[in-house]
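Asker: In this note's numbering, the protein residues as written are 25 to 494. Every residue, glycine too, gets a C-beta built ideally from N, C-alpha and C.
Structural data, given as structure tokens:
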């Protein structure tokens, strides 16, 4: 009954509420910025490798990108895509792609705002995020606090619960899997490993994700390309199936909540998190000379996640022609597809990929939680004792996720994430003029042959109201 209630709330939240907010905000940012996520894509990629000036202790654009990508790139790229196709249909792929392109403009806006309103701690390092620009620019500390509460519910509870479940589900194909014992064992091992790594603190998380994320992403794409190449003759029919299903509005309107459109939007948002308000927490930590630089870099993270990794999963599975029915939704569908080319090695590779994806997702999630906890604690890092208790609670959630029903895990993650989005995106719309003013300032300086350097007075703000940029 509890799962049924959660799924009902989830359905109403995404249709019609979030589908309207996501589409309207994304289109608004896209038009206001002149399609910045497409127009400046080449420059966005070049900015990733720009090194921070001054102290080496600062976080670079690349490191901030990897932290946000670590949270975005995860079990959603495999299990989320599989669930969308099996439950909604192949047309879900198209709606994921569309959400990524539109959502990249939202990612640009929220990350640019996080940079404009970032703050410095006593060590000279940067921090910030939606809670800070909502409080400072909109004068609403209550909404900032509510946003932080939803962020903690999403990343310390909902996403970690789901991530743990998704990981253990990949072991179901093996003969040793016992539904009564194996999930608990896997959950316990994962919880202990994450708990150990959390003792290293935020900077350790940054270093680990910088190494692991690129490796696991490249390996996964390469394997996917091999499967697609082997089934290349099926690719034209596969794309025809995707577009035919995506534009079958009679089927969509007959059951909107369970349609390919809604599943594509929900799983696309879960995967790339554009507009949710998570990535700005990492973006604010980057040491750049202009806020727009990090805003552009974060558009790349959305493309890496959805256009590259989610597409790799979708095309790999659909090109094999393996049945995509509800009873194989999740890991089994992906494992069935890859085994057509690699045999028993295929499911093993998916399990290894899921372990890496889940591990970095959990670490990236908790990095965001640190920022929210500091905000709620009067802008101060909570005591070491409190953080240990918090991490223990997170470890318990990770263990519990492995033995929680799938429907409840997905619904809780969707609801918590939806709460963040409903607060963050309207705030970004209100503050859009500042982000677009920064974009105009950036492009003006680029045309003058300069390496853009930002000052808040350039967009009509008072320098005395800011920690940086003056």
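#1: Using the Cα positions of residue 131 and residue 200, report the straight-line distance between them to the nearest angstrom.
#2: With a threshold of 7 Å (Cβ to nearest heavy atom), would residue 61 be considered close to the ligand FAD?
#3: Do residue 182 and residue 441 come within 8 Å of each other at the CB atom, strictly closer than that value?
#4: Quick one, which of 41, 256 and 178 has its alpha-carbon nearest residue 20's?
#5: So what does DSSP say about residue 281, is it helix, strand or coil?
#6: Below 8 Å between beta carbons: does that hold for residue 92 and residue 306?
#7: Any idea what DSSP makes of residue 151, helix, strand or coil?
#8: Based on DSSP bridge pairs, tell me the residues matched to residue 310.
#9: So is residue 220 buried or exposed if we call it buried at 16+ other beta carbons inside 10 Å?
#10: The alpha helix (DSSP H) with residue 421 in it runs from where to where?
#11: If you pair each beta-carbon of the stretch 296–306 with each one of the stretch 378–394, do three or more pairs fall below 8 Å?
#12: I'd like to know whether the C-beta atoms of residue 422 and residue 208 end up nearer to each other than 8 Å.
#13: If you follow the alpha helix (DSSP H) that residue 189 is in, where does it begin and where does it stop?
#14: May I have the straight-line CA-CA distance separating residue 437 from residue 463, to the nearest angstrom?
#15: At what residues does the alpha helix (DSSP H) containing residue 434 begin and finish?
#16: Terminal residues of the continuous alpha helix (DSSP H) containing residue 67?
#17: Sort 403, 384 and 414 by Cα distance to residue 100 and report the nearest one.
#18: Does the stretch 120–140 come into contact with the stretch 49–63, if we say contact requires no fewer than three beta-carbon pairs (one atom in each stretch) closer than 8 Å?
#19: Can you check which of these residues, 472, 180, 150 and 353, is closest to residue 411 by C-alpha distance?
#20: Of the choices 406, 51 and 192, whose alpha-carbon is the least far from that of residue 203?
#21: Can you have a look at residue 408 and say buried or exposed, based on whether 16 or more other CB atoms are within 10 angstroms of its CB?
#22: Decide if residue 286 is buried, meaning its Cβ has at least 16 other Cβ atoms within 10 Å, or exposed.
#23: Pull up the distance between the alpha-carbon of residue 190 and that of residue 319, whole angstroms please.
#24: Can you tell which of 61, 435, 293 and 341 has its C-alpha closest to the C-alpha of residue 255?
#25: Quick check: the Cα distance between residue 322 and residue 360, rounded to an integer number of angstroms?
#26: For the alpha helix (DSSP H) that contains residue 56, what are its first and last residues?
#27: Is it right to say residue 350 is buried, meaning 16 or more other beta carbons lie within 10 angstroms of its own, or is it exposed?
#28: Can you tell me whether DSSP reads residue 323 as helix, strand or coil?
#29: Leaving aside the five residues before and after residue 296 along the sequence, list all residues of the same chain whose C-beta is less than 7 Å from its C-beta, in chain order.
#30: How is the alpha helix (DSSP H) around residue 394 delimited, first residue to last?
#31: Helix, strand or coil for residue 349, going by three-state DSSP, please let me know.
#32: Determine which residues share a DSSP beta bridge with residue 144 and list them.
#33: So for residue 248, helix, strand or coil by DSSP?
#34: Give the C-beta separation of residue 364 and residue 346 to the nearest angstrom, bearing in mind that I take them to be a contact with Cβ-Cβ under 8 Å.
#35: Can you give the beta carbon distance from residue 315 to residue 140, rounded, assuming they're within the 8 Å contact cut?
#36: Near residue 174, what residues of its chain come up, given a Cβ to Cβ distance below 8 Å and the 5 sequence neighbours on each side ignored?
Answerer: From the atom records:
#1: Along the chain shown, read from residue 1 onward, the residue named residue 131 stands at position 107. Along the chain shown, read from residue 1 onward, the residue named residue 200 stands at position 176. C-alpha separation (whole angstroms): 43 Å.
#2: Ligands in the displayed structure: none, and consequently the ligand FAD is not present.
#3: Within the chain shown, the letter at position 417 stands for residue 441. Within the chain shown, the letter at position 158 stands for residue 182. Result yes, Cβ atoms of residue 441 and residue 182 sit closer than 8 Å.
#4: The structure shown does not extend to residue 20, since the chain is modelled only from 25 to 494, so the question has no answer here.
#5: As a working mapping, residue 281 is identified with position 257 in the chain shown. Looking at residue 281 - three-state DSSP - the assignment turns out to be helix.
#6: In the chain shown, the residue the question calls residue 92 occupies position 68. In the chain shown, the residue the question calls residue 306 occupies position 282. A contact, by the Cβ cut-off of 8 Å.
#7: As a position in the chain shown, residue 151 is number 127, starting the count at 1. Looking at residue 151 - three-state DSSP - the assignment turns out to be strand.
#8: Residue 310 sits at position 286 when you count from the first residue of the chain shown. BP columns for residue 310 point to 83.
#9: As a working mapping, residue 220 is identified with position 196 in the chain shown. When all chains shown are included, residue 220 counts as exposed.
#10: Counting from 1 along the chain shown, the entry for residue 421 is found at position 397. Residue 421 -> alpha helix (DSSP H) spans 408–425.
#11: By the C-beta criterion, the stretch 296–306 is judged to be in contact with the stretch 378–394, since at least 3 inter-stretch pairs fall below 8 Å.
#12: For the purposes of this step, residue 422 is identified with residue 398 of the chain shown, where counting begins at 1. For the purposes of this step, residue 208 is identified with residue 184 of the chain shown, where counting begins at 1. Not closer than 8 Å, so no.
#13: The residue labelled residue 189 in the question sits at position 165 within the chain shown. Residue 189 -> alpha helix (DSSP H) spans 183–193.
#14: The residue you call residue 437 lines up with position 413 of the chain shown. The residue you call residue 463 lines up with position 439 of the chain shown. Each residue's Cα considered, the two are about 33 Å apart.
#15: In the chain shown, residue 434 corresponds to position 410, counting from 1. From DSSP, the alpha helix (DSSP H) with residue 434 extends over 430–454.
#16: Working through the chain shown from its first residue, we reach residue 67 at position 43. Counting along the chain, the alpha helix (DSSP H) containing residue 67 begins and ends at 65–71.
#17: On the chain shown, residue 100 is found 76 positions in, with the first residue counted as 1. For the residues 403, 384 and 414, the minimum Cα distance to residue 100 belongs to 384.
#18: Under the three-pair Cβ rule at 8 Å, the stretch 120–140 counts as touching the stretch 49–63.
#19: Along the chain shown, read from residue 1 onward, the residue named residue 411 stands at position 387. Answer by Cα proximity: 180.
#20: Taking the first residue of the chain shown as position 1, residue 203 is located at position 179. Just measuring C-alpha positions, the residue of 406, 51 and 192 sitting nearest residue 203 is 192.
#21: Locating residue 408 in the chain shown gives position 384, counting from the first residue. With fewer than 16 other Cβ atoms within 10 Å, it is exposed.
#22: Translated into positions along the chain shown, residue 286 becomes position 262. Buried, since its Cβ has 16 or more Cβ neighbours within 10 Å.
#23: As a first step, residue 190 must be located in the chain shown, where it is residue number 166. As a first step, residue 319 must be located in the chain shown, where it is residue number 295. Cα to Cα, the separation comes out at about 31 Å.
#24: Within the chain shown, the letter at position 231 stands for residue 255. Considering only alpha carbons, the answer is 341.
#25: As a working note, residue 322 is residue 298 in the chain shown. As a working note, residue 360 is residue 336 in the chain shown. Just so you know, the alpha carbons of residue 322 and residue 360 end up roughly 33 Å apart.
#26: The residue given as residue 56 occupies position 32 in the chain shown. Per DSSP, residue 56 belongs to the alpha helix (DSSP H) from 43–56.
#27: On the chain shown, position 326 is the one that residue 350 refers to. Counting Cβ neighbours within 10 Å, residue 350 comes out exposed, since fewer than 16 surround it.
#28: One-based indexing of the chain shown puts residue 323 at position 299. Residue 323: helix per DSSP, three-state reduction.
#29: Position 272 of the chain shown holds residue 296. Cβ within range, chain order: 96, 124, 127, 326, 329 and 330.
#30: Taking the chain shown and counting its residues from 1, the one referred to as residue 394 is at position 370. That run of the alpha helix (DSSP H) goes 369–400.
#31: Residue 349 sits at position 325 when you count from the first residue of the chain shown. If DSSP states are grouped into helix, strand and coil, residue 349 belongs with coil.
#32: Position 120 of the chain shown, counted from the first residue, corresponds to residue 144. In the DSSP assignment, the residues bridged to residue 144 are 150.
#33: Your numbering for residue 248 matches position 224 in the chain shown. The answer is helix: DSSP assigns residue 248 an H, G or I state.
#34: Your numbering for residue 364 matches position 340 in the chain shown. Your numbering for residue 346 matches position 322 in the chain shown. Right, their Cβ atoms sit about 7 Å apart.
#35: One-based indexing of the chain shown puts residue 315 at position 291. One-based indexing of the chain shown puts residue 140 at position 116. Sure, about 5 Å apart at Cβ, within 8 Å.
#36: Along the chain shown, read from residue 1 onward, the residue named residue 174 stands at position 150. 440, 443, 444 and 447, listed in sequence order.
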